[in-house]
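Single-structure report; data block below.
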Amino acid sequence: MKAAVITFPGSNCDRDLAVAFEAAGAEVVRVWHKDTDLPAGVDVVGVPGGFSFGDYLRCGAIAARSPIAGAMIRHAERGGFVLGICNGFQVLTETGLLPGALMRNAGLKFICRSIELKVATADSAFTEGWAAGDVVRFPIAHHDGNYTADAETLARLRGEDRVAFTYVENPNGSMQDIAGVLSANRRVLGLMPHPERAADEAQGGTDGMGLFRSLLGRMALA
Numbered sequence: 000m001k002a003a004v005i006t007f008p009g010s011n012c013d014r015d016l017a018v019a020f021e022a023a024g025a026e027v028v029r030v031w032h033k034d035t036d037l038p039a040g041v042d043v044v045g046v047p048g049g050f051s052f053g054d055y056l057r058c059g060a061i062a063a064r065s066p067i068a069g070a071m072i073r074h075a076e077r078g079g080f081v082l083g084i085c086n087g088f089q090v091l092t093e094t095g096l097l098p099g100a101l102m103r104n105a106g107l108k109f110i111c112r113s114i115e116l117k118v119a120t121a122d123s124a125f126t127e128g129w130a131a132g133d134v135v136r137f138p139i140a141h142h143d144g145n146y147t148a149d150a151e152t153l154a155r156l157r158g159e160d161r162v163a164f165t166y167v168e169n170p171n172g173s174m175q176d177i178a179g180v181l182s183a184n185r186r187v188l189g190l191m192p193h194p195e196r197a198a199d200e201a202q203g204g205t206d207g208m209g210l211f212r213s214l215l216g217r218m219a220l221a
């Protein structure tokens with residue numbers, strides 16, 4: 000299985016994401032934002048956390064219009080897997096691959112701590128290693144993590160079982176405690192917390208590895 004990890008100017012979790020994919024058994028290739036195509040044979044694209052392009056305009060807005068974004072969108076439209084974490088989630092909403100938007104935290108402050116999440120659905124390649132209702136612990140580190148969408152979009156996400164994770168205690172004002180959502184084909188996941196920062200005992204826990212092992216296990220069976 001091959002994972003491509005994108006680096007934008009301002010990315011700061013790209014290496015962490017690459018290491019987590021490798022630990023789960025993936026071959027990892029690194030991709031620069033000015034590249035126009037993904038390497039051959041890529042199964043999953045990882046869009047890392049950080050502050051792409053300094054969060055100018057809106058978080059993720061410039062990254063979503065970079066040359067590599069077009070290749071990522073084509074990959075997703077072909078049915079490829081995409082994982083966007085924190086700033087990567089913001090990028091995915093800006094591209095339109097996921098609905099909604101990430102707004103300023105309700106408390107107007109940057110938040111950085113470990114937090115409990117509830118697995119809202121096990122019906123995805125990213126979450127099938129858990130049961131719905133399981134509680135995991137990932138770090139968060141964001142200033143604009145307040146997930147916002149209109150009532151129709153929220154109803155559709157709930158009705159189609161596309162909410163992947165929710166906060167046990169909402170840290171940022173996200174509507175309906177949403178921490179991560181899936182695309183309509185369930186192959187694109189965006190989430191604000193950082194599973195790649197919970198992928199080694201030296202980091203204080205390994206709950207995040209469940210996501211990477213689940214995804215790589217699904218691809219191995221495909």
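Numbering that gives the first Met the number 0 applies: residue 0 is where the sequence shown begins, and numbers increase by one.
Glycine included, every Cβ here is placed at the ideal spot set by N, Cα and C.
Exercise. Going by the beta-carbon positions, is the gap between residue 92 and residue 105 smaller than 8 Å?
Worked result: Taking the sequence shown and counting its residues from 1, one reaches residue 92 at position 93. Taking the sequence shown and counting its residues from 1, one reaches residue 105 at position 106. Contact: no.
Exercise. Exposed or buried, which one is residue 126 when buried takes at least 16 other CB atoms within 10 Å?
Worked result: As a working note, residue 126 is residue 127 in the sequence shown. Burial is judged here by how many other beta carbons sit within 10 angstroms of a residue's own beta carbon; residue 126 has at least 16 and is buried.
For this session: Note the first and the last residue of the continuous alpha helix (DSSP H) segment covering residue 74.
Result: On the sequence shown, residue 74 is found 75 positions in, with the first residue counted as 1. Counting along the chain, the alpha helix (DSSP H) containing residue 74 begins and ends at 66-76.
Exercise. Cβ of residue 103 within 8 Å of Cβ of residue 143?
Worked result: On the sequence shown, residue 103 is found 104 positions in, with the first residue counted as 1. On the sequence shown, residue 143 is found 144 positions in, with the first residue counted as 1. Judged by beta-carbon spacing, residue 143 lies within the 8 Å limit of residue 103, meaning their Cβ atoms are closer than that value.
Exercise. In the structure shown, what three-state DSSP assignment does residue 223 receive?
Worked result: The question about residue 223 has no answer, for the chain in this structure spans 0 to 221.
Exercise. Would residue 82 pass as a contact of residue 123 if the rule is Cβ separation under 8 Å?
Worked result: On the sequence shown, position 83 is the one that residue 82 refers to. On the sequence shown, position 124 is the one that residue 123 refers to. The answer is no: Cβ separation not under 8 Å.
Exercise. Would you report the Cα separation of residue 184 and residue 53, rounded to the nearest angstrom?
Worked result: Numbered from 1 along the sequence shown, position 185 holds the residue referred to as residue 184. Numbered from 1 along the sequence shown, position 54 holds the residue referred to as residue 53. Taking the straight line from one Cα to the other gives about 31 Å.
For this session: Thinking residue 215 and residue 25 are a contact (beta carbons under 8 Å), I'd like their distance in whole angstroms, please.
Result: The residue you call residue 215 lines up with position 216 of the sequence shown. The residue you call residue 25 lines up with position 26 of the sequence shown. The pair is a contact, with the Cβ atoms about 6 Å apart (cut-off 8 Å).
Exercise. Using the beta-carbon count (16 or more within 10 Å), is residue 49 buried or exposed?
Worked result: Numbered from 1 along the sequence shown, position 50 holds the residue referred to as residue 49. Looking at its Cβ environment, which holds 16 or more other Cβ atoms inside 10 Å, residue 49 is buried.
Problem set entry | Stretch-stretch touch, CB-based, cutoff 8 Å, three pairs: the stretch 166-177 with the stretch 105-115 | They touch, by the three-pair rule.
For this session: Please go through the stretch 9-59 and give each complete alpha helix (DSSP H) segment of 4 or more residues, from N-terminal end onward.
Result: List check, alpha helix (DSSP H) in window: 13-22.
Exercise. Do residue 114 and residue 146 come within 8 Å of each other at the CB atom, strictly closer than that value?
Worked result: As a working note, residue 146 is residue 147 in the sequence shown. As a working note, residue 114 is residue 115 in the sequence shown. Not closer than 8 Å, so no.
For this session: Locate the beta strand (DSSP E) running through residue 145, then write down its first and last residues.
Result: The count along the sequence shown starts at 1 and reaches residue 145 at position 146. Counting along the chain, the beta strand (DSSP E) containing residue 145 begins and ends at 145-147.
Exercise. Is the beta carbon of residue 191 less than 8 Å from the beta carbon of residue 88?
Worked result: Taking the sequence shown and counting its residues from 1, the one referred to as residue 191 is at position 192. Taking the sequence shown and counting its residues from 1, the one referred to as residue 88 is at position 89. Taking 8 Å as the cut-off, the Cβ atoms of residue 191 and residue 88 count as close.
Exercise. Of all the beta strand (DSSP E) runs that stay within the bounds of the stretch 162-201, which reach a length of 3 or more residues?
Worked result: Listed in chain order, the complete beta strand (DSSP E) runs (minimum 3 residues) inside the stretch 162-201 are 162-166, 177-181 and 187-190.
For this session: For residue 55, count neighbouring Cβ atoms within 10 angstroms of its own Cβ and tell me buried if that reaches 16, exposed if not.
Result: Indexing the sequence shown from 1 puts residue 55 at position 56. Looking at its Cβ environment, which holds fewer than 16 other Cβ atoms inside 10 Å, residue 55 is exposed.
Exercise. Which residues mark the beginning and the end of the beta strand (DSSP E) in which residue 154 is found?
Worked result: Counting from one through the sequence shown, the residue named residue 154 turns up at place 155. Here residue 154 belongs to no beta strand (DSSP E); instead the alpha helix (DSSP H) covers 150-158.
For this session: Taking residue 208 and residue 22 to be in contact with their CB atoms under 8 Å, please state how far apart those CB atoms are, rounded to whole angstroms.
Result: Working through the sequence shown from its first residue, we reach residue 208 at position 209. Working through the sequence shown from its first residue, we reach residue 22 at position 23. Contact holds; Cβ gap of about 7 Å.
Problem set entry | Beta-carbon spacing of residue 5, residue 66 below 8 Å | Here the question's residue 5 lines up with position 6 in the sequence shown. Here the question's residue 66 lines up with position 67 in the sequence shown. No, the pair does not count as a contact, with Cβ atoms beyond the cut-off.
Exercise. Out of 57, 202, 186 and 64, which has the shortest C-alpha to C-alpha gap to residue 213?
Worked result: Along the sequence shown, one-based indexing puts residue 213 at 214. Measuring from the Cα of residue 213, the nearest candidate turns out to be 186.
For this session: State buried or exposed for residue 13, treating a residue as buried only when at least 16 other CB atoms are found within 10 Å of its CB.
Result: Locating residue 13 in the sequence shown gives position 14, where the first residue counts as 1. Within 10 angstroms of the beta-carbon of residue 13 lie 16 or more other beta-carbons, which makes it buried.
For this session: Kindly indicate which residue of 20, 96, 40 and 33 has the alpha-carbon position closest to the one of residue 182.
Result: Here residue 182 refers to the residue found at position 183 when the sequence shown is read from its first residue. Measuring from the Cα of residue 182, the nearest candidate turns out to be 96.
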